[in-house]
Amino acid sequence: MNAHALRTLLLVKTIEEQDADGAMLTLAERDAATREALRRHPAPATAGSSAEQEARVWRVLSARAEELQARLIVRHPIIAHTGTLERHARRASLAVLAFGFLTGLLLSVLDSRVRIEIVAFPLLGLVLWNLAVYLAIAVTALRRRRPLSREAGEGWGEGLKAPPSLGWVTWPARWGWRRAAALVKQASFYHRPLAAALRRFADEWWPLVQPLVLEHGKRVFHLAAAAVGLGLVAGFYVRGIALEYRAGWESTFLDAGQVRSLLHVIYGAAAAVSGIVLPTTDAQVEALHWRGGAGGGPAATWIHLVAVTALLFVVAPRLLLATWATFRLRRLAGTMPVPDALLPYARVVLGGSSATLPALGVRVTPYAYEPGAVASDGLRRLLAEAYGPATRVQWCAAVRYGDETAFETGPVDGDAVDVDVLLFNLAATPELENHGAALRAAQAREAKAAGIVRRVAVVDETPFLARMGNDPALDARVEERRQAWREFVRRHGWEAYLVDLEAVARGDALAPEAIAELRRAGRSLAA
66 MNAHALRTLL LVKTIEEQDA DGAMLTLAER DAATREALRR HPAPATAGSS
116 AEQEARVWRV LSARAEELQA RLIVRHPIIA HTGTLERHAR RASLAVLAFG
166 FLTGLLLSVL DSRVRIEIVA FPLLGLVLWN LAVYLAIAVT ALRRRRPLSR
216 EAGEGWGEGL KAPPSLGWVT WPARWGWRRA AALVKQASFY HRPLAAALRR
266 FADEWWPLVQ PLVLEHGKRV FHLAAAAVGL GLVAGFYVRG IALEYRAGWE
316 STFLDAGQVR SLLHVIYGAA AAVSGIVLPT TDAQVEALHW RGGAGGGPAA
366 TWIHLVAVTA LLFVVAPRLL LATWATFRLR RLAGTMPVPD ALLPYARVVL
416 GGSSATLPAL GVRVTPYAYE PGAVASDGLR RLLAEAYGPA TRVQWCAAVR
466 YGDETAFETG PVDGDAVDVD VLLFNLAATP ELENHGAALR AAQAREAKAA
516 GIVRRVAVVD ETPFLARMGN DPALDARVEE RRQAWREFVR RHGWEAYLVD
566 LEAVARGDAL APEAIAELRR AGRSLAA
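Under the numbering used here, think of the first position of the sequence shown as 66, with each following residue one higher.
Put into structure tokens, the structure is as follows:
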């Protein structure tokens, strides 16, 4: 799915989930959009493969989302300003390019004596800096070719964050995102449900778009570096029209012979390309030596050499790197993976139509805990809300305290499932030797089970809250236990979802944020 379709689909999804009563989008409008999308993408005469069926599902949902987004923008124009990251990042990108060009102009006028130091800053410093950047890029590229460990691969996939050494290149996008966040904050004063939906959209979209943000940032800063080189050259030429530049050198430690060798290193490539002849004797170099205000020579030739050198070592390589970043950006934007959070949404929206996804399968394994009938019903309702009403739930026998080894080596019963749920009890204190071993054992079993793409640790709060007697004075203790479970489970590569299952079974309303949290907790193992 391309980035535009995925962004639109996520935006409409979060608004629909937040707008349960149909205040922003009526139920009739949603049904009409679904029918129109199905009409535009009819089912084939013969049943295709599962991949073809799934592709049709996303085409239908994308067409439906486009129509609903158009209606939303007419009623709430703020959506058009906050729903696209690029709209705000573009201004910041232009500011970066302008700053780069102005920096180059400033470098050309740093010497108020209107003379050019042919073996010193600014050209030499600019070239050396860019060569250092090219070396860092090459080293990074070589490291990425090495096979990553499981932990490293999961970390990159889960967080989708830029490497620390390149994190600064995402500044334009982050600035744009802050601008969008400010608009959402303003919207909260006159339309709280819409603002809440836009905040949820930002939470879901930002991790997905970070690979694109990184490539966009690389392109912008490569272009900005090229703009610095162009600004330097333009500054010399423009000022050289009205002022007489003199070119020369001065040094405490270098003699004429050493400077001649250095000139051939710095300007050799430019001389070969332009046909300009560099000084060939020490006497010619010595004539350019500044002494007591005298020395140096006409700068026109050296300005040409500076321009060609900047084009060869700064502008041209940076433009090539920017072109490569553009190619990667378009490729990534055209083939973005569908996040897990959209699967249950697709089942709910298109359930019963000709474009449906197969029902999700969930396997639940309690650990050192036997949930009662009410808590079990609450978990079924919770899973149906999160993954769709047709979700198939398989219950496995509870793993007894201390039987973690047998759990790991035992056979995997039941049909293939999509989600593996390990059920814990908040009343228990998480222990590395037991609860941690159960989490590790479940991970080992996943390698033997076909079809599992997500896993989540559900921690039932019912027994612990009953023990506390709903005493407000003990709220701090309850929250401390919750935080201990979250951190413990996260250290083992899982995500914890804490919930009072009996309260869910009693019919307590499930907030959209809570359902979204469960979907995020059931993260993709493919990452």
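Idealized CB from N, CA, C, for every residue including glycine.
Rounded to the nearest angstrom, what separates W194 and L308 at their Cα positions? Along the sequence shown, read from residue 1 onward, the residue named residue 194 stands at position 129. Along the sequence shown, read from residue 1 onward, the residue named residue 308 stands at position 243. Each residue's alpha carbon lies about 29 Å from the other.
Tell me the rounded alpha-carbon separation between A70 and Y434. What you label residue 70 is simply residue 5 of the sequence shown in a count that begins at 1. What you label residue 434 is simply residue 369 of the sequence shown in a count that begins at 1. Rounded to the nearest angstrom, the two C-alpha atoms are 44 Å apart.
Spatially closest choice to I80 from A312, L137 and H369, by CA coordinates: Along the sequence shown, read from residue 1 onward, the residue named residue 80 stands at position 15. Closest by alpha carbon: L137.
Return the chain-ordered list of same chain residues with a C-beta closer than 6 Å to the C-beta of R383, the five sequence neighbours on each side being excluded. On the sequence shown, residue 383 is found 318 positions in, with the first residue counted as 1. H287, A290 and A291, listed in sequence order.
Check whether S173 and G300 have beta carbons under 7 Å apart: Residue mapping note: residue 173 aligns to position 108 of the sequence shown, counting from 1. Residue mapping note: residue 300 aligns to position 235 of the sequence shown, counting from 1. The criterion of a C-beta distance shorter than 7 Å is satisfied by S173 and G300.
In chain order, which continuous runs of the beta strand (DSSP E) of length 3 or greater are located wholly inside the region 125-198? 180-182
Using the beta-carbon count (16 or more within 10 Å), is E552 buried or exposed? Within the sequence shown, the letter at position 487 stands for residue 552. Exposed: under 16 other Cβ atoms inside 10 Å.
Let me know if G59 comes out buried or exposed under the rule of 16 or more other beta-carbons within 10 Å of its beta-carbon. Residue 59 lies beyond the stretch modelled for the chain, which goes from 66 to 592, so this question has no answer here.
Contacting residues, own chain, Cβ-Cβ under 8 Å from R211 (five flanking each side not counted): Position 146 of the sequence shown, counting from 1, holds the residue named residue 211. The predicted position of R211 is uncertain, since its pLDDT is 46 and thus under 50; a value taken from the coordinates is nonetheless stated next. Excluding sequence neighbours, R211 sits near nothing in its chain.
Name the two residues that bound the continuous beta strand (DSSP E) containing F489. Your numbering for residue 489 matches position 424 in the sequence shown. In the DSSP assignment, F489 falls within the unbroken beta strand (DSSP E) covering V484 to N490.
Does the distance from the CB of A352 to the CB of I181 come in under 7 Å? Looking up residue 352 in the sequence shown gives position 287. Looking up residue 181 in the sequence shown gives position 116. A352 is not a Cβ neighbour of I181, given a cutoff of 7 Å.
Run of the beta strand (DSSP E) containing R457, from where it starts to where it stops: Here the question's residue 457 lines up with position 392 in the sequence shown. Its beta strand (DSSP E) spans residues R457 to W460.
Distance, Cα to Cα, A206 vs R156? For the purposes of this step, residue 206 is identified with residue 141 of the sequence shown, where counting begins at 1. For the purposes of this step, residue 156 is identified with residue 91 of the sequence shown, where counting begins at 1. So the alpha carbons of these two residues sit roughly 30 Å apart.
If I follow the unbroken alpha helix (DSSP H) through A307, where does it start and stop? Your numbering for residue 307 matches position 242 in the sequence shown. Start and end: R257 to A307.
Verify whether the separation of the beta carbon atoms of V427 and V477 is less than 7 Å. On the sequence shown, residue 427 is found 362 positions in, with the first residue counted as 1. On the sequence shown, residue 477 is found 412 positions in, with the first residue counted as 1. Going by C-beta atoms, V427 is not nearer than 7 Å to V477.
Whose C-beta lies closer than 8 Å to the C-beta of R395 among residues of the same chain, with five residues either side of it excluded? As a position in the sequence shown, residue 395 is number 330, starting the count at 1. Once the five neighbours on either side are set aside, R395 has no close Cβ partner at all.
Sub-7 Å separation of N499 and P528 beta-carbons: As a first step, residue 499 is located in the sequence shown; it is residue number 434 there, counting from the start. As a first step, residue 528 is located in the sequence shown; it is residue number 463 there, counting from the start. Their beta carbons are not under 7 Å apart, which means N499 does not touch P528 by this criterion.
For L408, which option in F164, G467, P454 and L328 has the closest C-alpha, if you only look at C-alpha atoms? Locating residue 408 in the sequence shown gives position 343, counting from the first residue. Looking only at F164, G467, P454 and L328, the smallest Cα-Cα distance to L408 is reached by P454.
By DSSP, does D43 sit in helix, in strand, or in coil? Look at the range of the chain in this structure, 66 to 592, and you will see that residue 43 is not part of it.
Are the region 564-571 and the region 441-448 touching, with three or more C-beta to C-beta distances below 8 Å? yes
Whole angstroms is fine: what's the gap from P402's alpha carbon to R412's? Taking the sequence shown and counting its residues from 1, one reaches residue 402 at position 337. Taking the sequence shown and counting its residues from 1, one reaches residue 412 at position 347. Those two C-alpha atoms are separated by around 18 Å.
Work out the CA separation of E132 and A522 for me, nearest whole Å. Numbered from 1 along the sequence shown, position 457 holds the residue referred to as residue 522. Numbered from 1 along the sequence shown, position 67 holds the residue referred to as residue 132. Distance between the alpha carbons of A522 and E132: 37 Å.
So what's R571 in DSSP terms, helix, strand or just coil? As a working mapping, residue 571 is identified with position 506 in the sequence shown. Looking at R571 - three-state DSSP - the assignment turns out to be coil, as it is neither helix nor strand.
Proximal residues to A85 (C-beta, below 6 Å), its chain only, five neighbours per side dropped: Counting from 1 along the sequence shown, the entry for residue 85 is found at position 20. Correct list: empty, nothing qualifies.
Same chain only: Cβ atoms within 8 Å of L377, ignoring 5 sequence neighbours per side: What you label residue 377 is simply residue 312 of the sequence shown in a count that begins at 1. Here the set comprises A334, A335 and V338.
Considering just the uninterrupted stretch of the alpha helix (DSSP H) at R393, what are its terminal residues? On the sequence shown, residue 393 is found 328 positions in, with the first residue counted as 1. Segment A381 to G399, the alpha helix (DSSP H) holding R393.
What residues in its chain sit with their C-beta under 6 Å from that of G165, if we drop five residues either side in the sequence? For the purposes of this step, residue 165 is taken as residue 100 along the sequence shown, with counting starting at 1. If we look at G165 and ignore the five residues flanking it on each side, its Cβ neighbours are A289, A292 and V293.
Nearest candidate by alpha-carbon position, reference V464, set A493, D485, R457 and Y432: If you number the sequence shown from 1, residue 464 lands on position 399. Considering only alpha carbons, the answer is Y432.
Quick check on this structure: which residue in A381, T111 and P109 has the alpha carbon closest to the alpha carbon of L196? Your numbering for residue 196 matches position 131 in the sequence shown. Of the listed residues, the one whose Cα sits closest to L196 is A381.
Option nearest G475 by Cα separation, candidates A492, A449, V564 and A507: Within the sequence shown, numbered from 1, the residue matching residue 475 stands at position 410. Comparing Cα-Cα distances from G475 to each of A492, A449, V564 and A507, the minimum goes to A507.
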